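Please read the structure below before turning to the comments.
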Amino acid sequence: MSPFVFLLVPVVIILLASLLMWLRGRNPTTLKSGIDGFNREMRALSPDDAPRSPRRFEAERPSEPAPRDRDR
Numbered sequence: 012m013s014p015f016v017f018l019l020v021p022v023v024i025i026l027l028a029s030l031l032m033w034l035r036g037r038n039p040t041t042l043k044s045g046i047d048g049f050n051r052e053m054r055a056l057s058p059d060d061a062p063r064s065p066r067r068f069e070a071e072r073p074s075e076p077a078p079r080d081r082d083r
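Everything in the sequence shown is counted per this note's numbering, starting at 12 for the first residue and increasing by one.
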């Protein structure tokens with residue numbers, strides 16, 4: 012075998028592996044996949060059906076102002 016064959020075999024293997032990886036990793040381009048992607052994004056942006064609890068802390072009783080120092 013010539014040295015050219017030893018170089019050609021790995022190049023062909025690398026090209027086939029690269030083609031396979033590209034085919035598996037590409038984004039789908041059909042109309043249905045576009046609609047599914049849009050619906051997935053809209054569900055991610057929509058609020059949940061469950062009521063949310065307030066984010067800030069709410070005390071059980073109203074807080075009282077601190078007593079003022081009247082000696083001043």
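Backbone N, C-alpha and C fix where the C-beta goes; we use that ideal spot for every residue, glycine too.
Remember, predicted model here, so these are calculated numbers, not experimental data.
Length of the line joining the Cα atoms of residue i and residue j
i: R54; j: P78; result: 51 Å
i: V23; j: D59; result: 52 Å
i: L42; j: G48; result: 10 Å
i: G45; j: L26; result: 30 Å
i: P39; j: N50; result: 15 Å
Residue i: CB within 6 Å of a non-hydrogen atom of the ligand SAM
i: L56; result: Among the components of this structure there are no ligands whatsoever, and the ligand SAM is therefore not found.
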